[in-house]
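Protein chains in written order, with our numbering: chain H, 1 to 107; chain D, 1 to 107. For glycine and all other residues, C-beta sits at the position ideal for the given N, C-alpha and C. Contents: one structure, followed by commentary.
Protein chains: 2
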Amino acid sequence: MQDKITTILKAIADPTRREIFHALVVAATALPITQISNQFEISRQGITKHLKTLEDAGLVEINTKGRERFCYANTKPLAEINNWLAFYEKFWDTKINSLEQHLNKKG
Amino acid sequence: MQDKITTILKAIADPTRREIFHALVVAATALPITQISNQFEISRQGITKHLKTLEDAGLVEINTKGRERFCYANTKPLAEINNWLAFYEKFWDTKINSLEQHLNKKG
DNA sequence: TCGATATGCAACTATATGGTTGCAAATATA
DNA sequence: TATATTTGCAACCATATAGTTGCATATCGA
Numbered sequence: 001m002q003d004k005i006t007t008i009l010k011a012i013a014d015p016t017r018r019e020i021f022h023a024l025v026v027a028a029t030a031l032p033i034t035q036i037s038n039q040f041e042i043s044r045q046g047i048t049k050h051l052k053t054l055e056d057a058g059l060v061e062i063n064t065k066g067r068e069r070f071c072y073a074n075t076k077p078l079a080e081i082n083n084w085l086a087f088y089e090k091f092w093d094t095k096i097n098s099l100e101q102h103l104n105k106k107g
Numbered sequence: 001m002q003d004k005i006t007t008i009l010k011a012i013a014d015p016t017r018r019e020i021f022h023a024l025v026v027a028a029t030a031l032p033i034t035q036i037s038n039q040f041e042i043s044r045q046g047i048t049k050h051l052k053t054l055e056d057a058g059l060v061e062i063n064t065k066g067r068e069r070f071c072y073a074n075t076k077p078l079a080e081i082n083n084w085l086a087f088y089e090k091f092w093d094t095k096i097n098s099l100e101q102h103l104n105k106k107g
């Protein structure tokens, strides 16, 4: 389907998913789905879908115990983004505005 | 509409847009739209749409000169992502797997 | 002035996405 | 065992997204 970095970026590009992810990161413990969905306005099924997307990106891991499914955040895949950003960091302040360069050259 | 970080993340979540952005970053000079679209398989209008999305995120700035529109990359908005990531970096290696913690507690 | 080039706008299509509801199945508990 | 709880699956809906084509307009250069 799509590459790893795209999957990760799409997962966190949605504000609701970022909220879910954040809630899981700051939680001291793994949380079952219903308990997560209680913290949000949208339906449990909506939450489940978001969790699936986060799981596909490796940002959430889910472990079944009895009838419950405990979810916890895994922040490691975010390193991929950091990695992607690293290349462009070089340009953050040092790069001379290339348009101006261009226009100056041409007059 | 949506907040800044969401706009930026959505902009770079698309692989084609990341390619366009990359091409502009590594270009030594600002590039007119047609010249950019020559580097890609999709139509010029497709490229224009992507450029609009990147522009909305502040990742591309466009300057008209005559009949041409020169595009150049601005990497600075990426700092927002770096900022967002910073919080979670704390958890990258130090965090104890919270599910295991939880399960161990319960037996 | 006339033709070629660069672009924007609008309409359209197909598919992805974020969300919903209803229902069935599995597990826990009284 | 009967009931309540947690969940997954499937169908469905509305909107967003990625892409297309056609056409009009503005500018450049001969």
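Give me the Cα-Cα distance between H:Ala86 and H:Gly66, rounded to the nearest whole angstrom.
Counting from one through the first sequence, the residue named residue 86 of chain H turns up at place 86. Counting from one through the first sequence, the residue named residue 66 of chain H turns up at place 66. Using only the alpha carbons, I get a separation of about 43 Å.
If distances are taken between C-alpha atoms only, which option among D:Ala73, D:Trp92, D:Trp84 and D:Ile81 comes closest to D:Ala23?
On the second sequence, position 23 is the one that residue 23 of chain D refers to. Out of D:Ala73, D:Trp92, D:Trp84 and D:Ile81, D:Ala73 has the C-alpha closest to the C-alpha of D:Ala23.
Using a Cβ-Cβ cut-off of 6 Å (strictly less than) and excluding sequence neighbours within five positions of D:Asn63, which residues of its own chain qualify?
The count along the second sequence starts at 1 and reaches residue 63 of chain D at position 63. For D:Asn63, where only same-chain residues beyond five positions count, the Cβ hits under 6 Å are Phe70.
What is the residue span of the alpha helix (DSSP H) that D:Asn109 lies within?
Residue coverage of chain D in this structure runs from 1 to 107, which leaves residue 109 of chain D outside it and unanswerable.
Please classify H:Thr16: does DSSP put it in a helix, a strand, or coil?
To locate residue 16 of chain H, count along the first sequence from 1; it is residue 16. Reduced to three states, the DSSP call for H:Thr16 is helix.
Does the beta carbon of D:Asp3 sit closer than 8 Å to a beta carbon anywhere in chain H?
Counting from one through the second sequence, the residue named residue 3 of chain D turns up at place 3. Yes, because at least one Cβ of chain H sits closer than 8 Å to the Cβ of D:Asp3.
Chain D partners of H:Lys52, CB-CB under 9 Å?
Translated into positions along the first sequence, residue 52 of chain H becomes position 52. For the C-beta of H:Lys52, not a single chain D residue is nearer than 9 Å; the gap to the nearest is close to 17 Å.
For H:Thr16 and H:Gln39, the rounded distance between their alpha carbons
Along the first sequence, one-based indexing puts residue 39 of chain H at 39. Along the first sequence, one-based indexing puts residue 16 of chain H at 16. In a straight line, the C-alpha of H:Gln39 is about 11 Å away from that of H:Thr16.
Using a cut-off of 7 Å between C-beta atoms, extract the partners of H:Asn82 located in chain D.
Position 82 of the first sequence, counted from the first residue, corresponds to residue 82 of chain H. Within 7 Å Cβ-Cβ: Leu85.
Can you name the residues of chain D whose CB is closer than 7 Å to the CB of H:Phe91?
Against the first sequence, residue 91 of chain H aligns to sequence position 91. Within chain D, the residues placing a beta-carbon under 7 Å from that of H:Phe91 are Val25 and Thr75, ordered along the chain.
Cut-off 7 Å between Cβ atoms - residues of its own chain near D:Leu31, not counting five sequence neighbours on either side:
Walking along the second sequence from the start, residue 31 of chain D turns up at place 31. Answer for D:Leu31: Leu24, Phe70 and Cys71, listed in chain order.
Please report whether the beta-carbon of D:Thr34 lies at a distance below 8 Å from any beta-carbon of chain H.
In the second sequence, residue 34 of chain D corresponds to position 34, counting from 1. It does not: the Cβ of D:Thr34 has no partner Cβ on chain H nearer than 8 Å.
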